[in-house]
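Residue numbers are given in UniProt numbering: position 78 of the sequence shown equals residue 78, and the series is strictly consecutive.
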Amino acid sequence: MDPQQSTPPRSIHDRHRSEAGDPTCGMRTQPLPLTLGARRQAPDGPFLRFALPFLAVLGYYALGICTFAVMAAGNVPGGGDVPQLAWYATETTSPIALAIALAAGRWWV
């Protein structure tokens, strides 16, 4: 190429490309490295390490009880009483749910 000739205008996207075509070569700062598979820090203290999984299990249990009660009440001929069905479901399954929640909380500690 003749040194007297001007170079063709470069686009905005080509500004950071080097001769080899690597987009990071001409940048002033390098991108931060990705840490794939990095785990979140566990909550501080044994109480929070126990409470978070325990409450998560009990929350899912409560959601399941409410869903069951609404669905069961809709299937009872003539309509059912949602609080009564929720109480029956809680009465029969709460010891199992409490044991599972305690095990989940203890397992994470």
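Cβ coordinates follow ideal geometry from the N, Cα and C atoms, glycine included. Please read all numbers here as calculations on a predicted model, not as lab measurements.
Supposed close pair residue i, residue j - CB separation, criterion 8 angstroms
| i | j | result |
| --- | --- | --- |
| L85 | A69 | 4 angstroms |
| F54 | A101 | 5 angstroms |
Assigned exposure category for residue i - 16 Cβ within 10 Å defines buried
| i | result |
| --- | --- |
| A103 | exposed |
| G105 | buried |
Cβ-Cβ distance between residue i and residue j below 9 angstroms
| i | j | result |
| --- | --- | --- |
| A89 | A73 | no |
| Y93 | Y61 | It should be noted that the sequence gives Thr, not Tyr, for residue 93. Yes, they are a contact pair. |
| L58 | A97 | yes |
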